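Written out below as structure tokens is the structure these notes cover.
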Amino acid sequence: EKAAAVARALAHACPPENQWSKHVLDLNEYPMATCLDGSPGAYYIRIGKDSDNKGKSRKDSDNKGKVLVTAQGGAWCDFRSATELDECEKQHCCAWHGFAGSCSERAKTVYGSSNYEFEPSEWACNGMLSLDPKINPAFHDWTVVMLQYCDGASFSGLNVEPIELDGEIVYSRGNFIYQAIIDSLQKEGQPLHAGNDPTHLVVSGDSAGGLTTYLHAHQWREALSDDTLPIAVLPDDGFFHRINHPKSPQGCPEGYNYNVMMESIFNHSKPHDGLPQQCLADVRNQGKQAFECMFAQNALPYIPDP
Numbered sequence: 111e112k113a114a115a116v117a118r119a120l121a122h123a124c125p126p127e128n129q130w131s132k133h134v135l136d137l138n139e140y141p142m143a144t145c146l147d148g149s150p151g152a153y154y155i156r157i158g159k160d161s162d163n164k165g166k167s168r169k170d171s172d173n174k175g176k177v178l179v180t181a182q183g184g185a186w187c188d189f190r191s192a193t194e195l196d197e198c199e200k201q202h203c204c205a206w207h208g209f210a211g212s213c214s215e216r217a218k219t220v221y222g223s224s225n226y227e228f229e230p231s232e233w234a235c236n237g238m239l240s241l242d243p244k245i246n247p248a249f250h251d252w253t254v255v256m257l258q259y260c261d262g263a264s265f266s267g268l269n270v271e272p273i274e275l276d277g278e279i280v281y282s283r284g285n286f287i288y289q290a291i292i293d294s295l296q297k298e299g300q301p302l303h304a305g306n307d308p309t310h311l312v313v314s315g316d317s318a319g320g321l322t323t324y325l326h327a328h329q330w331r332e333a334l335s336d337d338t339l340p341i342a343v344l345p346d347d348g349f350f351h352r353i354n355h356p357k358s359p360q361g362c363p364e365g366y367n368y369n370v371m372m373e374s375i376f377n378h379s380k381p382h383d384g385l386p387q388q389c390l391a392d393v394r395n396q397g398k399q400a401f402e403c404m405f406a407q408n409a410l411p412y413i414p415d416p
């Protein structure tokens, strides 16, 4: 009964005009922009509707110049083998397992590959993505770009080398995807092309995608050809507790907390060049480790002004 109620609510919140077009990155142009499984990164676009909602199709909207970019959430994945994770679970040392298992397993899902069908209209119709002006007065009529989350590392990976895991090859190249999408969105026919007269850009994301926004918002300012376009940063979540899970029994090595996970992602994904460089310099000067810049609270001061 509860599931049926949720389904009815979603059906009501997702009107027929909640239509998205899929755009797959060209690996000939962006050869490093691959998901965990090696498939190309992808994003989806929903064109903004006319502000007065009269007479014009979404395609001919007055609001094409207002663009909201949101990075999909979906936790993270672990670069330890499935066998190691199973053993960790048996010892109850992975009690805080807010991650989608091994990256080799995630690579076989929609959160690790663009080859699997992803339908944003099934869930991207609430909150700041809703088309209902009563629910979402700020962005209901904006063009929305949703970045498909397929790298398991908050779009941070810049590891050019393949990673062997569980007898398979996976890739941690999410930031190559992120940068390629920024570039692609400025091409002819795309929302941020000069011919569409972009006037507003808001960069966002939820959960792991919220962390993406804190870590990589600066890349929009650096990469946009129009340096006068105002950019606002509006993450929906992204801060996570750096504590051991209270259910982790004594004797577990370091517990299995968010702190350990981010260090692991940092070491395997090699995200250095995609993080705020001043943050990296400052933590080094403070005698801290570079992976500290993988936390929202540490990256926040380095988000550029609008």
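Numbering-wise (my numbering), the sequence shown opens with residue 111 and increments by one.
Backbone N, C-alpha and C fix where the C-beta goes; we use that ideal spot for every residue, glycine too.
Nothing here was measured: the structure is a model prediction, and the numbers come from that model.
Alpha-carbon spacing of residue i relative to residue j, whole angstroms
i	j	result
ASP136	TYR288	13 Å
THR180	GLN396	33 Å
MET256	TYR368	25 Å
ASP276	GLY305	47 Å
HIS133	GLU402	33 Å
HIS310	ALA192	44 Å
MET404	GLN296	27 Å
TRP330	LEU344	13 Å
LEU146	LEU195	18 Å
ASN408	HIS326	12 Å
Opposing strand residues paired with residue i [DSSP bridges]
i	result
LYS297	Bridge partners of LYS297: none, in fact.
VAL220	The partner list for VAL220 (beta bridge, DSSP) is empty, contrary to what the question assumes.
GLU278	LEU275
ARG283	Beta-bridge pairing links ARG283 to no other residue.
HIS378	DSSP, once it has assigned bridges, lists no residue as partnering HIS378.
PRO150	THR144
THR253	VAL177
Contact check, residue i vs residue j, beta carbons under 8 Å
i	j	result
SER223	GLU278	no
ALA263	GLY284	yes
ILE291	TYR154	no
LEU268	PRO308	no
SER240	PRO381	no
Cβ-based neighbour list, residue i, same chain, cut-off 7 Å, excluding 5 preceding and 5 following
i	result
GLY348	GLY320, LEU321, THR323, TYR324 and ALA406
PHE350	TYR368
LEU410	TYR324
Option nearest residue i by Cα separation, candidates the options
i	options	result
MET371	VAL313, LEU334, ARG352 and ILE292	ARG352
SER149	GLU332, ARG331, GLN300 and TYR281	TYR281
GLN399	ASP383, ASP147, SER314 and PHE376	PHE376
PHE189	GLY211, VAL177 and GLY183	GLY211
ILE413	VAL393, ASP261 and GLN387	GLN387
PHE286	TRP252, LEU241 and ASP383	ASP383
PHE249	LYS176, ASP337 and SER374	LYS176
Cutoff 8 Å: residue i Cβ touching any chain C Cβ
i	result
LEU311	Here chain C cannot be found, since the structure has a single protein chain.
Close-in-space but distant-in-sequence residues of the same chain around residue i (CB under 8 Å, 5 per side omitted)
i	result
SER183	Reading off the sequence shown, one finds Gly at residue 183, where the question assumed Ser. These residues qualify, in order along the chain: TYR259, GLY315, ASP316, SER317, ALA318, GLY319, GLY320 and ASP347.
LEU390	HIS382, ALA400 and CYS403
Beta-carbon contacts of residue i that lie in its chain and below 6 Å, excluding the five residues immediately before and after
i	result
THR253	ILE157, GLY158, LYS174, VAL177 and PRO301
PRO230	TRP130, TYR154 and MET256
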